[in-house]
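Enquirer:
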Amino acid sequence: MARPVLLFGMMLRSLAFTRAFSSLKPAPSNFQRRVVHYATSDELKMDNIYMEWSLEDDKILHNNRHLSPVRLASMLGRGMHGVEARMKKLTNVDSTAYRRLFGGEDIQNTDTDENISNKLTPVKEVLRRIQWDPTLPASSFSIIHYDRVEDTLCETPFEAENDSISGKERQFVFALPEHRIEAVKYLDRIVWNKELRLDSVFGSMNGKGETIDKVIENYDDWKREKEEKEERNRLRQVEILKEMHTILGEMRVATLKEMSSNLLRIEWDSEEVKDYVKRVLMLYFDAQKEREDNGSDVANALDEEEEDTFDIIYFLNLFSDLVALLPDERLRGEVLLEVESVINRNQESGGNSSDKTSQPSALPELNEDELEEKFVKGSGAGGQKVNKTSNRVILVHTPTGLRVECQDTRSLQQNRKIARKRLRLKLDAFINGDASRAGQKATKAVTKKAKNKARSKRRRRQKNQSDDESNN
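In the working numbering, each residue's number is its place in the sequence shown (first place is 1) plus 13.
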């Protein structure tokens, strides 16, 4: 019923990144290796991948200046370094960017416009207008909401029937609790967004007075501008990948593409994102080691100043430019957060840290051909929805014989998701033992318990010593 969202926020879907990873091939084997071409000094100039800031980009950046650089980078589809540099220009009264933003037509500000409400219209009112306004095509609307079991965003058509939430409400969007709804879309455009305080249905808050009738009227122009921006992003991505080829080499860039494509396909979580960034860093360190082992071929072609551009901070900023083109805004926000933390750690350590601290291993993937799945009638509390329907999932991994059961919810599809996640954790423990996530968690718990016990013992000893001294 609900399908995973490939985009949510101001940038919407970026076809540029999807096209690049739609026809990926694995990295070539040893006998397919080619000589890696290292760029000349002209090819290394960052001017080649610069994308001009439009006035609309500056307005979005200024109106949302209270957000973190990572959130702004994810929203605008740009690297963190570029966002931070642009913010400095917008706050410098002598800069051209500042004069362009404020010198002509003043930026629209919701705090000073008396005609715009300073409160965000509740989503229930937005949904009721879509339902009862005869001028609005309900079939063209959809909602973006959080899944009840997993912390993932889903997109559901406005007219979808309710088959998973208890109650008399037949339409899913009205049966769904209001706090789980994050955004409302008209075709491909976000018209209401809780996090960004955006309302282009009634025109409140950051909707800046633009109402849904204007959105529908100008949708073709908006779509055309969006496609032009996607084409610019595609060209920008080509330039970034050229730069990546210079630093990593052809084979490692192919590996990076394959890793990124796999991350887009799976139901990722924060641990998968950390593992992804860690493996990208290992590609960088492998390239650096290969360059040193080969007598630094690049150093023979470049002077010292250009060679210094290959440091890890430069690479991570370049990588963040590439991440900003990911089509899933929530995913790129998570990756940019992790990249920011790595940059901060390297800057604090003077740029010498290799970030090789141990991270939990990625969970093993399940092959559906190796699974035996049964659906049986449930038992216990829940009434007829549980006891009269086959919503209890029994999942067996045939190669290892591992078995899990799930009857956590009334929804069969949700129980299937939970069962697979439990089986992956169980398989991880079976394969990796103490190095698995469960093993590491147990080890941390034992260590913490031992520390607490030692601390309590030390405090008791100190207390007894103080009591003895006071008695003497």
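Don't be surprised by glycine CBs; every beta carbon is placed ideally from N, CA and C.
Do V293 and W205 have their C-beta atoms closer together than 8 Å?
Expert: As a working mapping, residue 293 is identified with position 280 in the sequence shown. As a working mapping, residue 205 is identified with position 192 in the sequence shown. For V293 and W205, no; Cβs fall outside 8 Å.
Enquirer: Given that a residue counts as buried once 16 or more other Cβ atoms are within 10 Å of its Cβ, and exposed if not, what is H192?
Expert: For this step, residue 192 is matched to residue 179 along the sequence shown. H192 should be labelled exposed.
Enquirer: Can you tell me whether DSSP reads D481 as helix, strand or coil?
Expert: Translated into positions along the sequence shown, residue 481 becomes position 468. Here D481 sits in helix by DSSP.
Enquirer: Indicate whether T411 and F443 have their beta-carbon atoms separated by less than 8 Å.
Expert: The residue given as residue 411 occupies position 398 in the sequence shown. The residue given as residue 443 occupies position 430 in the sequence shown. No.
Enquirer: When burial is assigned at 16 or more other CB atoms within 10 Å of the CB, is G180 buried or exposed?
Expert: Here residue 180 corresponds to residue number 167 of the sequence shown, with the count starting at 1. So G180 ends up on the exposed side.
Enquirer: Let me confirm a value: P190 is counted as buried when at least 16 other C-beta atoms fall within 10 Å, else exposed. Which label applies?
Expert: By one-based count along the sequence shown, residue 190 stands at place 177. The residue is exposed, with fewer than 16 neighbouring Cβ atoms inside 10 Å.
Enquirer: Report the rounded CA-to-CA distance for E223 versus S213, giving the unit in angstroms.
Expert: For the purposes of this step, residue 223 is taken as residue 210 along the sequence shown, with counting starting at 1. For the purposes of this step, residue 213 is taken as residue 200 along the sequence shown, with counting starting at 1. Taking the straight line joining both Cα atoms gives about 5 Å.
Enquirer: What are the boundary residues of the alpha helix (DSSP H) that includes W281?
Expert: Taking the first residue of the sequence shown as position 1, residue 281 is located at position 268. Premise fails: W281 is in no alpha helix (DSSP H) and is neither H nor E.
Enquirer: On the three-state DSSP scale, how would you describe D234?
Expert: Position 221 of the sequence shown, counted from the start, is the residue given in the question as residue 234. In this structure, D234 counts as helix in the three-state DSSP scheme.
Enquirer: Helix, strand or coil for V106, going by three-state DSSP, please let me know.
Expert: On the sequence shown, residue 106 is found 93 positions in, with the first residue counted as 1. Three-state result, V106: coil.
Enquirer: Among all the DSSP beta bridges, which residues are the ones paired with E385?
Expert: As a position in the sequence shown, residue 385 is number 372, starting the count at 1. V409.
Enquirer: Using only CA atoms, which one of K462, L209 and F185 lies nearest to A196?
Expert: Position 183 of the sequence shown, counted from the first residue, corresponds to residue 196. Closest by alpha carbon: L209.
Enquirer: Where R84 and E243 are concerned, what is the direct C-alpha to C-alpha distance, given to the nearest angstrom?
Expert: Taking the sequence shown and counting its residues from 1, one reaches residue 84 at position 71. Taking the sequence shown and counting its residues from 1, one reaches residue 243 at position 230. Between R84 and E243, the C-alpha separation is close to 20 Å.
Enquirer: Could you please give the first and the last residue of the uninterrupted beta strand (DSSP E) stretch that includes V204?
Expert: Looking up residue 204 in the sequence shown gives position 191. It spans R202 to N206 - the beta strand (DSSP E) in which V204 sits, taken as one unbroken run.
Enquirer: To the nearest angstrom, how far is it from the Cα of K132 to the Cα of S217?
Expert: One-based indexing of the sequence shown puts residue 132 at position 119. One-based indexing of the sequence shown puts residue 217 at position 204. Cα to Cα, the separation comes out at about 7 Å.
Enquirer: May I have the straight-line CA-CA distance separating E385 from S403, to the nearest angstrom?
Expert: Within the sequence shown, the letter at position 372 stands for residue 385. Within the sequence shown, the letter at position 390 stands for residue 403. Whole-angstrom Cα-Cα distance: 16 Å.
Enquirer: Within the continuous beta strand (DSSP E) that includes R416, where are the two ends?
Expert: For the purposes of this step, residue 416 is taken as the residue at position 403 of the sequence shown. Run containing R416: L415 to C419, per the beta strand (DSSP E) assignment.
Enquirer: Nearest-angstrom Cα distance between L329 and R343?
Expert: Looking up residue 329 in the sequence shown gives position 316. Looking up residue 343 in the sequence shown gives position 330. Spanning the two alpha carbons is a distance of roughly 19 Å.
Enquirer: If you draw a straight line from the C-alpha of T169 to the C-alpha of E163, how long is it?
Expert: On the sequence shown, position 156 is the one that residue 169 refers to. On the sequence shown, position 150 is the one that residue 163 refers to. Between T169 and E163, the C-alpha separation is close to 16 Å.
Enquirer: Cα-Cα, which of D70, G90 and S81 is closest to F332?
Expert: Here the question's residue 332 lines up with position 319 in the sequence shown. Selected option, being the one with the closest Cα: G90.
Enquirer: Tell me whether H158 sits in a helix, a strand or coil according to DSSP, three-state version.
Expert: The sequence position of residue 158 within the sequence shown is 145, counting from 1. Three-state DSSP puts H158 in a strand.
Enquirer: Measure the alpha-carbon distance for K236 versus I203 and round it to whole angstroms.
Expert: As a position in the sequence shown, residue 236 is number 223, starting the count at 1. As a position in the sequence shown, residue 203 is number 190, starting the count at 1. Whole-angstrom Cα-Cα distance: 12 Å.
Enquirer: Look at the alpha carbon of E172 and the alpha carbon of W145, and state the distance between them as a whole number of angstroms.
Expert: Here residue 172 corresponds to residue number 159 of the sequence shown, with the count starting at 1. Here residue 145 corresponds to residue number 132 of the sequence shown, with the count starting at 1. Their Cα atoms are separated by approximately 13 Å.
Enquirer: Does N484 pass the burial test, meaning 16 or more other C-beta atoms within 10 Å, or should it be called exposed?
Expert: The residue you call residue 484 lines up with position 471 of the sequence shown. So N484 counts as exposed.
Enquirer: Within 10 angstroms of its Cβ, does D480 collect 16 or more other Cβ (buried), or is it exposed?
Expert: Position 467 of the sequence shown holds residue 480. With fewer than 16 other Cβ atoms within 10 Å, it is exposed.
Enquirer: Measure the alpha-carbon distance for S177 versus K302 and round it to whole angstroms.
Expert: What you label residue 177 is simply residue 164 of the sequence shown in a count that begins at 1. What you label residue 302 is simply residue 289 of the sequence shown in a count that begins at 1. Rounded to the nearest angstrom, the two C-alpha atoms are 54 Å apart.
Enquirer: Can you tell me which residues form a DSSP beta bridge with P170?
Expert: Position 157 of the sequence shown, counted from the first residue, corresponds to residue 170. For P170, which the question treats as bridged, DSSP gives the partners S155.
Enquirer: Is it the case that the Cβ atoms of L254 and V266 are separated by a distance below 8 Å?
Expert: The residue labelled residue 254 in the question sits at position 241 within the sequence shown. The residue labelled residue 266 in the question sits at position 253 within the sequence shown. In contact: L254 and V266 (Cβ atoms closer than 8 Å).
Enquirer: Please determine, among L349, K227, V389 and K390, the residue with the shortest C-alpha to C-alpha distance to S283.
Expert: Here the question's residue 283 lines up with position 270 in the sequence shown. Measuring from the Cα of S283, the nearest candidate turns out to be L349.
Enquirer: If we ignore side chains and look at the alpha-carbon of each, how far apart do R471 and Q453 end up?
Expert: For this step, residue 471 is matched to residue 458 along the sequence shown. For this step, residue 453 is matched to residue 440 along the sequence shown. The straight-line gap from Cα to Cα measures roughly 27 Å.
Enquirer: Using the rule of at least 16 other Cβ atoms within 10 Å of the residue's Cβ for burial, across every protein chain shown, is A467 buried or exposed?
Expert: Locating residue 467 in the sequence shown gives position 454, counting from the first residue. Classification for A467: exposed.
Enquirer: Identify whether I194 lies in helix, strand or coil by the three-state DSSP scheme.
Expert: Taking the first residue of the sequence shown as 1, we reach residue 194 at position 181. Residue state, collapsed to three classes: strand.
Enquirer: When the Cα of S274 is compared with those of P340, Q184 and R433, which residue comes out closest?
Expert: If you number the sequence shown from 1, residue 274 lands on position 261. Ranking the options by Cα distance to S274, first place goes to P340.
Enquirer: Work out the CA separation of L114 and D71 for me, nearest whole Å.
Expert: In the sequence shown, residue 71 corresponds to position 58, counting from 1. In the sequence shown, residue 114 corresponds to position 101, counting from 1. Roughly 7 Å between the two C-alpha positions.
Enquirer: Name the residue from E418, R141 and E285 whose alpha carbon lies nearest to the alpha carbon of F215.
Expert: Working through the sequence shown from its first residue, we reach residue 215 at position 202. Nearest of E418, R141 and E285 to F215, Cα basis: R141.
Enquirer: Please list the terminal residues of the continuous alpha helix (DSSP H) segment that includes K132.
Expert: Your numbering for residue 132 matches position 119 in the sequence shown. Here K132 belongs to no alpha helix (DSSP H), and DSSP marks it neither H nor E.
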